Each structure stands twice: as C-alpha cells, then as structure tokens.
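Undergrad: Sending over a structure as structure tokens; questions will come in a sec.
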DNA sequence: TTTAGTACTTGACAATGCAAGGTAGTATGT
DNA sequence: ACATACTACCTTGCATTGTCAAGTACTAAA
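Chains as they are written, first to last, in the numbering used here: chain X, 3 to 107; chain C, 3 to 107.
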C-alpha cells in the first residue's frame, strides 16, 4: 500500500474508532489494520499526540491476559475534531475522485 | 484544508494531468490548484523527483509571456506508475469510506 | 523605470509514518 | 524452574514529502 495516502487519514480512523467505544492501544492497532496496514510504532505516538491535544483521556484497567491496558476515551473536543476531519476527508476524496474521472473522458 | 491528506495524492494528480498533454510547471501549479491548494515550492520538487525517477522527460520551449517554459512529458514508465497509483488510490479511498460508513451505523 | 505577471529554483523547516528495538505481564509446555 | 509465545506498552532514529520564504530572470504595460 502507498504509505503516503495514509497521512492524516490514520488519525481520522483512530478517532472514529474511539468515538464508538473506549479502546486500548493494542486493540486499536488491530482495528485500524483491518482498514489500512499500520504498525505499533505509528499508533502509539499518534495516541500520545491526540491525548496531549486533549482529544482523548486515558485510564488504566487490569487485564487477565497481560499487562494493564491503557484505555482511550474521546473528549468533547475530540468529538468536534473528529467531525471536522471526517467532513474534510469526504470533501477531499470527492474532489480527487472527481478530478480523476474528469481526466478519464 | 488538511495538509496531510495531500501526501501522495499530489503526485497522482500531477501524473494524471501530464498523461493528457505535456505541461510546464507553472501551468501545473494552476491546474492542480483547482483540486487541492498547493504552492510552487511543492510542485517543482515533485516534478524533479518524477523526472529523476524517469517518469517524466523534459524539454524547453520559448514563451512570449516570460522566461522559457520547461515542459514535462510522461514516459512509458510514468504511464504504468500512474495507472498503478490511481488503482491504489481508488481502493484506498473506498476502504476508508467504507470504514467511516460502517462506524456510522 | 517601476510594477505586475510569468516561470523556475532552492534551503530550512514541520508533520507523520516506519523499522527496530526495549520492557513487562500472563499462560503453556517441558 | 525454564523457555517460549502472546499480549501490551513505549521510544528512538530515519525517510518522505509538503510548506514557507526567498531569490533569479524574462516580458509587457503603466
């Protein structure tokens, strides 16, 4: 997969995932991987960024299957940010698709 | 506009433009700007990259409206590359859209 | 001759993804 | 007890690519 296409979109996919329900990092890596190839070294720094920007809050929870999990919960600011980003993506994607189709004629 | 969405897509838009007809840099800046905001400092290095990678060939042509124009002509390799990239983009965009819709439920 | 428009180039910078490595806890098999 | 594997988290250094800002140079119109 083209690595460059992902730029910015990963953030949107992570936000959109966490909107639905609180999730922990490792779980997000697997969730996001269903849509685009991604590895841990990408997701963890991204989660830290979004938390620093107050789009996420975190809490720890014990697990019976390994070390404690750090859950990410979306904030009000995160919800707004996600809605905005999604709108921008839809508009962007449709512009690009429109251009490609136009040139195809 | 989200700067990150553009990564990789600009290359596709530039390639797709030049597939149709030979174009010069300044003309491409204006053409591409119809789809996504972009500035000269982005396009010229991109054209140089694509030329170095043998996806474009160039030639100079005099102009009555300023300095000579450097025209870009797509090569066979460039055509293949463009087709590939376009295919990847379509697949990528549809995956992302699909994910967003699925989460919306 | 000054200004505006066309045209190209470059260098320092920022954002973001990747590869590779490290730390730990739990569970399973020997 | 020990090794292995899976879960879970985190960090560092790097590459790629877009942005900003500045500079060069030619033509034409005021």
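Just so you know, even glycine gets a beta-carbon here, dropped at the ideal spot from N, CA and C.
Source: prediction; values computed, not measured.
Taking the alpha helix (DSSP H) that residue 94 (chain C) belongs to, which residues open and close that run?
TA: 78-106 is the span of the alpha helix (DSSP H), which, as asked, contains residue 94 (chain C).
Undergrad: Which two residues bound the contiguous beta strand (DSSP E) that contains residue 60 (chain X)?
TA: Run containing residue 60 (chain X): 58-63, per the beta strand (DSSP E) assignment.
Undergrad: Could you confirm whether any beta carbon from chain X is found closer than 7 Å to the beta carbon of residue 50 (chain C)?
TA: With 7 Å as the cut-off, residue 50 (chain C) does not count as an interface residue toward chain X.
Undergrad: Buried or exposed, going by whether 16 or more other CB atoms sit within 10 Å of the CB of residue 96 (chain X)?
TA: Counting Cβ neighbours within 10 Å, residue 96 (chain X) comes out exposed, since fewer than 16 surround it.
Undergrad: Report the neighbours of residue 43 (chain C) on chain X: residues whose CB is nearer than 9 Å to its CB, in chain order.
TA: By Cβ distance, chain X contributes nothing, its closest Cβ being about 18 Å from residue 43 (chain C), past 9 Å.
Undergrad: Would you say residue 23 (chain X) lies against chain C (beta-carbon separation less than 7 Å)?
TA: No - not a single Cβ of chain C is within 7 Å of the one on residue 23 (chain X).
Undergrad: Taking the continuous alpha helix (DSSP H) assigned at residue 47 (chain C), which residues delimit it?
TA: Residues 42-54.
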